[in-house]
Each structure stands twice: as C-alpha cells, then as structure tokens.
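Scroll down for the structure; my scribbles are underneath it.
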Amino acid sequence: MPELPEVEVVRRGLERWAVGRTIASAEVLHPRSIRRHVDGPDDFAARVAGHTFASAERRGKFLWLPLNEDEAVTGHLGMSGQLLIQPAGAPDEKHLRIRFTFTDGGPELRFVDQRTFGGMALEPLEKDRHGVVVPSSVTHIARDALDPEFDVDFFHSELRRRDTGLKRALLDQTRVSGIGNIYADEALWSARLHYDKPTSRMRRPDTDRVLGAARDVMSAALAVGGTSFDSLYVDVNGESGYFARSLHAYGREGEPCERCGTAIKRESFMNRSSFFCPKCQRPAR
Ligand SMILES: [Zn+2]
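Position 278, counted from 1, in the sequence shown is what numbering that gives the first Met the number 0 calls 277; the numbers after and before it change by one each time, with no gaps.
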C-alpha cells in the first residue's frame, strides 16, 4: 500500500509529465475505477476532454489535478493503484483502467489498478476548515505532517482532549494525514514512545518529538524516492529501496534494537502489526 513518500513521488511525476497538457480523451476501461464519479464513465470522459491539467496537488495520500478553479480530477491509489506515463500506443497493461490521451499526441497518462480499490473522479473544489481549496472528498483530511502550515498546537491540544492510543491518533487522517503504519512505527521508535500511550498523557515535548521523527523518516524516504525519478515511468511501487536499508523497528521482530540490543517485539494492532522495542518504548503506565 503506497504511503505518503510514494504518493509524493507520483505527484512529482504528474507535475513533470501531465501538468500543462490538454486532455484529448479519457477512456474508462473498467467502470469500478470511476465509481466515485457518480454520473458515470461517459460523463467523466465528456467533462474532462478539452481541459488542461493546471497543477498536481497532494494532501496525505490524496492526489488531485485541478482543471480550473472549480474542479479537479482526483486519483485514489487504494491498495494497488498506479499512475503511469507511457508512450502513446504502447501496449495496454493487463490491469489498465483509465487512459488519458493528450492533444499534443505525446505520452499517455494511465491508471492501472489490479485490485480496483482505487479510482479516479471529477470533483468540485471546496474550502476546508482552514480555508484551503481542496476536492470535496479531501475536506475532512487534515494537513499532512510535512506541510509547513501544519498546526502543531492544535494537534497537541486535540491529542490531550480526545483520549486514544498514540499510534491510532497518528494514523487518524482527520488529525494528521500521510502517516501510514510503517512510518508510525519508525517515528514511535525514534521518539521512544509506546504505540498505545494514552494521548491524554502526552506532554508537548512528546508530541514535538514524535511529529519531528515522522517528518524525518518521511523526508528521508522522499529524498531516496526522488533520486530514481528521472524516467518516463512513474511507478508507486518501484520506490521501496529505502525501506530495505533504513528501518529500525518495522518488520524487525526478534532482531536487536539498534539503541539497546533488546529484541524488537511485534504485537497485532488494528488488523496489522506494531513493531517496537519493549525497553526503549515502555508500555503506557
Ligand atoms: Zn531499544
């Protein structure tokens, strides 16, 4: 499942290869991939044709391409979605769902999605609670952890007010967006905080430490993802090199903690896993 750095890599690809180009046609090959567009595939195709992608935007894992000030094409990658730039006329991918061609006759933008949990839509642009213009499906999503405008004071006061487990709060996209399971475990390890620490007991330095750690690990992943990006092929799943080398907690059950040597522990958490050092990250008391 793509996390924020992978999605940012895709956004940069779209910025480079799709923005400024005028759509000649949009061909929907699987109706499920356009189910969020309530008026259906034909309406989608008719309404995007002739428009130019004005920019490529992202909040958390949500991507969108405004066509003008009123509406945007949104892309939800889901579990397996990919946005690819492919030469015009290249053979179709097995799981090709939507194809955009452009008036310049250049490379096509293709949405490929094996499991079809993702999809695209044309959505109105609206103001969120901060007054920032985003697609209607994104208005409830909080600014992401890498956004310089992210409001740490508000986030901290909400942690204290709405008591829950710390990792649950980090994964809650309405509080802070873009932190997925892997980054949460890595940030908690760096900040030496237990995943189930009650948020009502968070002190401000704890909040600063875990958010700072989340930003660091995501920025590092972005820096790596960004380097291999100079190609015509934009692939969300092709940027995993970072994880193989740099993880301290996630996926390391039984291996020694790099700080204290204690074996990393795995516990089940929200149908997934939490990896942590039982010594450095003491359970909440
Ligand atoms: Zn440790």
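Even glycine gets a Cβ: it sits at the ideal position worked out from N, Cα and C. A quick note: this is a predicted structure, and the numbers were derived from the prediction, not measured.
- Per the CB criterion, closer than 6 Å to any heavy atom of ligand 1, the qualifying residues run in chain order as C256, R258, C259, T261, C276, K278 and C279.
- For A87, the closest alpha carbon among the candidates S24, R34, F149 and R46 is that of S24.
- Under the DSSP assignment, I181 falls outside any beta strand (DSSP E), being part of the alpha helix (DSSP H) whose first and last residues are N180 to A190.
- In the DSSP assignment, H155 falls within the alpha helix (DSSP H) that extends over V151 to R160.
- Per the Cβ contact rule, the region 57-64 is not in contact with the region 91-107 (fewer than 3 Cβ pairs under 8 Å).
- K166: member of the alpha helix (DSSP H) spanning L165 to L170, first to last residue.
- Short of 6 Å from the beta carbon of S189, and not among the five residues preceding or following it, lie these beta carbons of its own chain, in chain order: A212.
- Excluding the 5 residues flanking it on each side, L66 has same chain C-beta neighbours closer than 6 Å at H50, in chain order.
- Counting C-beta pairs closer than 8 Å gives three or more between the region 141-150 and the region 174-191, which meets the contact rule.
- If you check the CB distance, T115 and S199 do not come in under 8 Å.
- Assigned with DSSP and collapsed to three states, L66 falls in coil, not helix or strand.
- Spatial neighbours of A17 in its own chain (CB-CB distance under 6 Å, excluding positions within 5 residues in sequence) are listed in chain order as F52 and L108.
- If you check the CB distance, R20 and F101 come in under 8 Å.
- Here the C-alpha atom of D152 lies approximately 20 Å from the C-alpha atom of A183.
- Listed in chain order, the beta strand (DSSP E) runs fully inside the region 31-96 are 56-58, 61-65, 70-75 and 80-85, counting runs of at least 3 residues.
- A contact is defined here as three or more CB-CB pairs under 8 Å, and the region 156-170 fails this definition with respect to the region 122-139.
- Our two residues, E266 and S272, have alpha carbons roughly 6 Å apart in a direct line.
- In the three-state DSSP reduction, T198 falls in the helix class (H, G or I).
- Distance from the CA atom of D162 to the CA atom of D215, rounded to whole angstroms, is 26 Å.
- Exposed is the label assigned to P30, since fewer than 16 other Cβ atoms lie within 10 Å of its Cβ.
- By the beta-carbon neighbour count (other beta carbons within 10 angstroms, threshold 16), A44 is buried.
- Comparing alpha-carbon positions, the option among R167, H247, M217 and G253 lying closest to N270 turns out to be R167.
- Beta-carbon to beta-carbon, D112 and G77 are separated by about 7 Å, close enough to satisfy the 8 Å threshold.
- With respect to the 8 Å criterion, F268 and G250 are not classified as neighbours on the basis of their beta carbons.
- Residue pairing by DSSP places E122 opposite A71 in a beta bridge.
- Annotation for E7: R57 and L221 place their beta carbon closer than 7 Å to its own, counting only its chain and skipping 5 residues before and after.
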